[in-house]
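Residue numbers (the UniProt record's numbering): 1 to 430.
Written below as structure tokens is the structure these notes are about.
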Ligand SMILES: Cc1cc2nc3c(=O)[nH]c(=O)nc-3n(C[C@H](O)[C@H](O)[C@H](O)COP(=O)(O)OP(=O)(O)OC[C@H]3O[C@@H](n4cnc5c(N)ncnc54)[C@H](O)[C@@H]3O)c2cc1C
């Protein structure tokens, strides 16, 4: 795609964090943007933390039209010992919000969507492009439109069952780890199970003891066991509330599980069907959760972790998977892959939202003619390689043998060297 001065007609497949960030950046650059999202406007998150790293901060500094603080700030990651002493792992700022709060904020910035989180639509900028968020619309196929420069999409309206064709100058695949767009071009690249799962849930901060609240107030806290670990931290509560009597404690316990064990753990508590990536809150079988609580007592988890896990009312289970696409641009740059559709990292570096922001800023630079397609793809793939190998290193450290840690460390070291050799690892240096 050549440097473009005229507004483009951009279609984004997927209206979650990545799609919205790309949409906002392109709207602010004056382009016409349509997002197709196969689910409804009011989504239910996993009510888990979403960490805002450096690229997310850079994105928000440029494109956020709200100024209300919407994250809880931790100042360190600490390990809790068996005797309940703490040891600081790393002193670093971590701003954590939750998915709903970020999603509704981005919706407000994109199409002025009114929610209980952001009840007043923001003002439009004169230079803003026209945007539409079409929910319950599933993209079923994408093709090059004859010999033209355009892409042709077939879109199903899930409410009426009718399909329609739409044209786009640029198509952005922001359709998540099971990406339909990626599968069209790279059918052999898919999500894979990496050997462990997370037992998770949230508890209102008000319901736990003063000691536990103090432990978590400004720290992400980890408890390490042999090839498993638990982690807890504070996230905003309902409607993004940040007051201490409204916030939630986010709890996760990562355990290695064989594929055979998953066949049992992932069975739905109501209808008995086998979930693949998540057993949602309210669907975990009672006997499965009781057994987990028993493991917690026998281990035993240290008092604060035991206290929180016992108070989880609606646990859910997440299978940890990853995927990394070796290619990010298709159809001579008319189709771009972003977000988890390009790279799904392991969760320990909390980098997905940050990656989404980096991709949005890079798409903005490419569409605005600041970088070539080749440079765009190089930057995207280098970032993906670096952060995916970093997340594998962390995951090996927590869940695997020392040999696996050394191998992952070596791979990460190479990715850093390549990144430095090719001119920087952050957007400002790309
Ligand atoms: C409802 C929801 C809740 C989440 N909650 C959390 C959370 O609490 N904590 C956390 O860390 N991460 C959460 N995530 C994941 C998080 O959004 C991602 O890890 C990351 O931030 C990057 O998002 P993404 O937009 O690339 O991918 P995703 O968030 O996976 O979004 C992909 C979107 O594409 C849509 N889509 C897929 N195929 C099509 C199609 N053919 N046509 C139209 N639309 C399509 C999906 O419905 C989805 O909304 C959640 C994701 C979703 C969708």
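We put the CB at the ideal spot given by N, CA and C, even for glycine.
About 6 Å separates the beta carbons of residue 150 and residue 168, which is inside the 8 Å limit, making them a contact pair.
In this structure residue 266 is buried. Its beta-carbon is surrounded by 16 or more other beta-carbon atoms within 10 angstroms. With a threshold of 7 Å, the Cβ atom of residue 50 counts as near ligand 1, since some heavy atom of the ligand is closer than that. Following the DSSP letters along the chain, one finds residue 21 inside the alpha helix (DSSP H) bounded by residues 17-28.
Here the distance from the Cβ of residue 394 to the nearest heavy atom of ligand 1 is not below 7 Å. Linking residue 38 to residue 329 through their CA atoms gives a straight-line distance of about 23 Å.
No heavy atom of ligand 1 is found nearer than 7 Å to the CB of residue 384.
In this structure, residue 201 lies near residue 315, with their beta-carbon atoms less than 8 Å apart. The continuous beta strand (DSSP E) containing residue 318 extends over residues 316-324. With fewer than 16 other Cβ atoms inside 10 Å of its own Cβ, residue 190 counts as exposed. By the CB criterion at 8 Å, residue 239 and residue 120 fall outside the cutoff. Scanning its chain for C-beta atoms nearer than 8 Å, with the 5 sequence neighbours on each side dropped, one finds around residue 66 the residues 105, 108, 109, 118, 122, in chain order.
Taking the Cβ atoms as the reference, residue 71 lies roughly 13 Å from residue 218, outside the contact range of under 8 Å. Under DSSP, residue 51 forms a beta bridge with 96. In the DSSP secondary-structure assignment, residue 162 is not bridged to any residue. The C-beta distance from residue 349 to residue 390 rounds to 6 Å, short enough to meet the 8 Å contact threshold. The beta carbon of residue 31 is closer than 6 Å to those of 7, 8, 10, 129 in its chain, skipping five residues each way along the sequence.
The DSSP-derived three-state label of residue 313 is coil. For the pair residue 286 and residue 269, the Cα-to-Cα distance works out to about 7 Å. In this structure, residue 197 sits away from residue 90, with a CB-CB distance that is not shorter than 8 Å. A check of alpha carbon separations from residue 193 across 177, 386, 225 identifies 177 as the nearest.
Annotation for residue 184: no beta strand (DSSP E) segment contains it, though the alpha helix (DSSP H) segment containing it runs 180-185. Counting along the chain, residue 292 sits inside the alpha helix (DSSP H) bounded by residues 286-298. Under DSSP, residue 390 takes part in no beta bridge, so it has no partner. In this chain, the alpha helix (DSSP H) harbouring residue 359 covers 352-367.
For residue 78, the enclosing beta strand (DSSP E) begins and ends at 72-80.
By the 16-neighbour rule on beta-carbons within 10 angstroms, residue 49 is buried. Close CB contacts of residue 114 within its chain, under the 7 Å cut and outside five residues either way in sequence, are with 121 (chain order). DSSP, reduced to helix, strand and coil, places residue 305 within a helical segment of the structure shown. Rounded to the nearest angstrom, the gap between the Cα atoms of residue 395 and residue 281 is 24 Å. Residue pairing by DSSP places residue 135 opposite 37 in a beta bridge. Membership of residue 259 in the alpha helix (DSSP H) is indicated by the continuous run 259-265.
The C-beta distance from residue 338 to residue 172 rounds to 6 Å, short enough to meet the 8 Å contact threshold. Remark: the shortest separation between the CB of residue 319 and any heavy atom of ligand 1 does not fall under 7 Å. For residue 214, the enclosing alpha helix (DSSP H) starts and ends at 210-216.
The beta carbon of residue 277 lies closer than 6 Å to those of 319 in the same chain, with the five residues before and after it left out.
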